[in-house]
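Notes follow the structure.
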Amino acid sequence: MKSDMYERLTLLADGAKYDVSCSSSGVSRKNKNNGLGNSQSFGICHTWAADGRCISLMKLLMTNNCIYNCAYCVNRAENDIPRASLSPEEIASLTMEFYRRNYIEGLFLSSAIEKSADQTMERMYQVLHLLRNVHNFNGYIHIKVIPGSQEDLVQRCGLLADRMSVNMELPSKRSLSLLAPQKDLDKILNPIKQISRDIIYNRDDRKYLTHTPKFVPAGQSTQVIIGATPDTDRKILSVSEKLYSQYQLKRVYYSAYVPVNEGPNLPSLWAKPPMLREHRLYQADWLLRFYGFTVSELFSNANENMDIEMDPKLSWALGHLEYFPLEINRAPYSMLIRVPGIGDISAKKIIAERRVRSLDFEGLKRTGCVLKKAQHFVLAKGKYYGQKLEADVLRKVLADKPAVQQISIWG
Amino acid sequence: MTDYLYDGTFEGFLTCLYCHFAHEPASTIAESGFYQMGWSSTCKTIKTNEKEAEYMYKKLYRHLGLQTSKDVYYSYLSQVYGWEDITLSFVDLCFREGAKFKDAHSHDRVYPFESLVLKVKREVHRYEGFVRFRQIGYTLYAKIHPEYFILPAISDHFTDRFRNEKIIIHDERRNLALIAHDGDSLLIPYSKSMQEKDLPEDPFILLWKKYVKTIAIESRINPKLQQKFIPLKYRKDLVEMENQKELP
Numbered sequence: 231m232k233s234d235m236y237e238r239l240t241l242l243a244d245g246a247k248y249d250v251s252c253s254s255s256g257v258s259r260k261n262k263n264n265g266l267g268n269s270q271s272f273g274i275c276h277t278w279a280a281d282g283r284c285i286s287l288m289k290l291l292m293t294n295n296c297i298y299n300c301a302y303c304v305n306r307a308e309n310d311i312p313r314a315s316l317s318p319e320e321i322a323s324l325t326m327e328f329y330r331r332n333y334i335e336g337l338f339l340s341s342a343i344e345k346s347a348d349q350t351m352e353r354m355y356q357v358l359h360l361l362r363n364v365h366n367f368n369g370y371i372h373i374k375v376i377p378g379s380q381e382d383l384v385q386r387c388g389l390l391a392d393r394m395s396v397n398m399e400l401p402s403k404r405s406l407s408l409l410a411p412q413k414d415l416d417k418i419l420n421p422i423k424q425i426s427r428d429i430i431y432n433r434d435d436r437k438y439l440t441h442t443p444k445f446v447p448a449g450q451s452t453q454v455i456i457g458a459t460p461d462t463d464r465k466i467l468s469v470s471e472k473l474y475s476q477y478q479l480k481r482v483y484y485s486a487y488v489p490v491n492e493g494p495n496l497p498s499l500w501a502k503p504p505m506l507r508e509h510r511l512y513q514a515d516w517l518l519r520f521y522g523f524t525v526s527e528l529f530s531n532a533n534e535n536m537d538i539e540m541d542p543k544l545s546w547a548l549g550h551l552e553y554f555p556l557e558i559n560r561a562p563y564s565m566l567i568r569v570p571g572i573g574d575i576s577a578k579k580i581i582a583e584r585r586v587r588s589l590d591f592e593g594l595k596r597t598g599c600v601l602k603k604a605q606h607f608v609l610a611k612g613k614y615y616g617q618k619l620e621a622d623v624l625r626k627v628l629a630d631k632p633a634v635q636q637i638s639i640w641g
Numbered sequence: 007m008t009d010y011l012y013d014g015t016f017e018g019f020l021t022c023l024y025c026h027f028a029h030e031p032a033s034t035i036a037e038s039g040f041y042q043m044g045w046s047s048t049c050k051t052i053k054t055n056e057k058e059a060e061y062m063y064k065k066l067y068r069h070l071g072l073q074t075s076k077d078v079y080y081s082y083l084s085q086v087y088g089w090e091d092i093t094l095s096f097v098d099l100c101f102r103e104g105a106k107f108k109d110a111h112s113h114d115r116v117y118p119f120e121s122l123v124l125k126v127k128r129e130v131h132r133y134e135g136f137v138r139f140r141q142i143g144y145t146l147y148a149k150i151h152p153e154y155f156i157l158p159a160i161s162d163h164f165t166d167r168f169r170n171e172k173i174i175i176h177d178e179r180r181n182l183a184l185i186a187h188d189g190d191s192l193l194i195p196y197s198k199s200m201q202e203k204d205l206p207e208d209p210f211i212l213l214w215k216k217y218v219k220t221i222a223i224e225s226r227i228n229p230k231l232q233q234k235f236i237p238l239k240y241r242k243d244l245v246e247m248e249n250q251k252e253l254p
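Next up, the structure:
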């Protein structure tokens, strides 16, 4: 181990911290070839950083030496920051050593673009090759695709990695040309399309050919920055919806923009990251993926942005009181999960239990749902336990009180 | 109605269950060391019988399915006071009223059992992430202080994951050690001789601590949120939690 490893690791982890994705789920694999590691389909978090985000994978940049000059990024070319890089051998052995001590679940590898997209991607491939074929590493690997690299390289990496991701960063062509003029939407969408197509082909192949290696078995994901551009919630979620339905993405991550640079097209350095908005977007994202909602339903009242005071499901329910109250002993699953306060786990419990016996209000309490919200929207054995099924009344009872905001003298 | 006493092993408990159904219904099952006699009860010490225990487990498996029979084992791993009665009451309900009652989550005899199992399962899952090995010679050694007796439950996971390594996971509260190598594992009482005397400095600890510190975004620092995920009681064995502030 070289003596400046400590400094370089610090620099490159620091550069990678704005990447949100850290999940290690979606792949179940036993330890093969007498190597190191395995993978659990539910993923394992090993620790949590001081900001409350889970650390499952070791997030690293190969280098923070970048030729691009994206306005929102710490590592952009014109920033005067210390630059460093790690060789493929160093990253591979660091991953192995951390993994042996059970610090991490695998590697998340990203990189700045040092010379060209292809050269960077090739170096990242070297890391995967070392880990999988030389060290027999069976843990989780998530790799970023560098927009603009060759299809063949992406394909080769995909056969060794578990998950791949291409960062959208900004949800529209206009924002992209404003803040990241060297990237364009096609450069980003092409690898997304390619990976989604190859995953489908690969799945098909494996039905007939037993020894076909898996291609990106944990699927692909992407990330969008929130609050750096005037894009609305509706715009952002429509993009997500499209990515989920057309390209079968596993996740879209939302990252509240943390101002790191000054620039004419950027929020000021004093701006706080819009954390609550990020939270609401994640809530809406879950509604899209697991609760059968569509974007047009969530924005039915012609608003472009979501209600900050209440979660999107509650705000949908208050706009559609005609569906409620719902008898928990008769409602189908698809409607139960639309009740504010009832999630998929409690809905499944309700369905399972009422096959045996009907549920009363006490029983509903024990399913683990958020009774504070759910009680206003359901009937248990025909009886209503809520306050009153009227939008104004419920809005008053259930809306989050806005936190007292400190008045900023900077405007 | 009789109180059954057993020796504290899972097989012993299964034998008691067997006697409960085959002979006389038990009013309570307790480990002999922890039993307090009531004023009107008769008690009987049940000798662990491998055959009856195996028969009972097969019955559980056939009647309640893989998941629930595993859950019975998990509730044994909790080893909290009175887990035997909670489990007895649940199993008794399912055998008398029908196996479908295992889905009646809010039932007074199912809910306590499920809550107990959930607690154990949660800790098992946590410890799949929270074990921290330290390299000592050619072995990887980890010390843990779990609330429940989770070593048997994490054994398969670590045995498979570190097939090529020699690992020791030491449960200091129960003074037991799980040792695993080459796909085989063993649960034995811990003895000092397993450990070499002076711990050499592991250079990766410092790197790891610095990594954990660096990866947090300053403008989002939120210790409350962090504590929700890593309650304080788990922190003494997590190397990255030690003196984070003093790092260079």
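Protein chains in written order, with our numbering: chain A, 231 to 641; chain B, 7 to 254.
From the three backbone atoms N, C-alpha and C, an ideal C-beta is built for every residue, glycine too.
According to the DSSP assignment, A:His-509 belongs to the alpha helix (DSSP H) that extends over 505-520. When A:Met-292, A:Asn-332 and A:Gln-349 are compared, the shortest CA-CA separation from A:Glu-320 is found for A:Met-292. In this structure A:Thr-277 is buried. Its beta-carbon is surrounded by 16 or more other beta-carbon atoms within 10 angstroms. Partner residues in the beta bridge of A:Lys-374, as assigned by DSSP, are A:Ser-395. For A:Gly-369, the three-state secondary structure derived from DSSP is coil.
When beta bridges are read from the DSSP output, A:Leu-479 appears opposite no residue. When secondary structure is reduced to three states using DSSP, A:Leu-589 falls in the coil class, being assigned neither helix nor strand. Under the DSSP assignment, A:Asp-414 falls outside any beta strand (DSSP E); it carries neither an H nor an E label.
The criterion of a C-beta distance shorter than 8 Å is satisfied by A:Asn-366 and A:Asn-263. For A:Met-292, the nearest beta carbon of chain B is not closer than 8 Å to its own beta carbon. Beta-bridge partners assigned by DSSP to B:Leu-193: B:Leu-184. In terms of Cβ geometry, A:Ser-426 and A:Ile-456 do not form a close pair [threshold 8 Å]. Distance between B:Pro-152 and A:Val-375, taken at the CA atoms: about 40 Å.
Two segments are said to touch when three or more pairs of C-beta atoms, one from each, lie closer than 8 Å; by this definition the segment 100-111 of chain B does not touch the segment 167-180 of chain B. Looking at A:Glu-471, A:Arg-306 and A:Ser-323, the one whose alpha-carbon comes closest to that of A:Ile-297 is A:Arg-306.
By the beta-carbon neighbour count (other beta carbons within 10 angstroms, threshold 16), A:Ser-258 is exposed. A check of alpha carbon separations from A:Pro-489 across A:Val-623, A:Val-482 and A:Ser-498 identifies A:Ser-498 as the nearest. Look at B:Ile-156 here: in three-state DSSP terms it is coil, with no helix or strand label. Apart from the 5 residues on each side of it in sequence, B:Glu-30 sits with its Cβ closer than 6 Å to the Cβ of Thr-8 in its chain, given in chain order. With respect to chain B, the C-beta atom of A:Asn-295 has no partner C-beta closer than 8 Å. A:Tyr-474 has its alpha-carbon roughly 19 Å from the corresponding atom of A:Lys-543.
When DSSP states are grouped into helix, strand and coil, A:Cys-296 belongs to the coil group.
For A:Met-288, the uninterrupted beta strand (DSSP E) segment begins and ends at 287-291.
Chain A places no beta carbon closer than 8 Å to that of B:Ser-191, leaving this residue out of the contacts. Chain-ordered, the chain A residues with CB closer than 7 Å to the CB of B:Ala-110 read Glu-583, Val-586 and Arg-587. By the neighbour-count definition (other C-beta atoms within 10 Å, threshold 16), A:Ala-577 is a buried residue.
One alpha carbon belongs to A:Tyr-553, the other to B:Gln-233, and they sit about 39 Å apart. Using a Cβ-Cβ cut-off of 8 Å, A:Ile-371 does not count as an interface residue toward chain B, since no Cβ of chain B sits closer than that to its own. Considering only beta carbons, the part of the segment 256-284 of chain A lying closer than 9 Å to chain B consists of Lys-260, Asn-261, Asn-264, Gly-265, Leu-266, Gly-267, Asn-268, Gln-270, Phe-272, Ile-274, Cys-275, His-276, Thr-277, Trp-278, Ala-279, Ala-280, Asp-281, Gly-282, Arg-283 and Cys-284, in chain order. It is roughly 50 Å from the alpha-carbon of A:Ser-405 to the alpha-carbon of B:Asp-162. For B:Leu-124, the secondary structure class from DSSP, reduced to helix, strand or coil, is helix. A:Ile-558 counts as buried, since no fewer than 16 other beta carbons sit within 10 angstroms of its beta carbon. Not one beta carbon of chain A lies nearer than 8 Å to the beta carbon of B:Lys-251.
Chain order gives the chain B residues near A:Lys-289 as Ile-221, where near means a beta carbon separation below 8 Å. One finds Leu-212, Leu-213, Lys-216 and Pro-254 in chain B with Cβ atoms closer than 9 Å to the Cβ of A:Tyr-236, taken in chain order.
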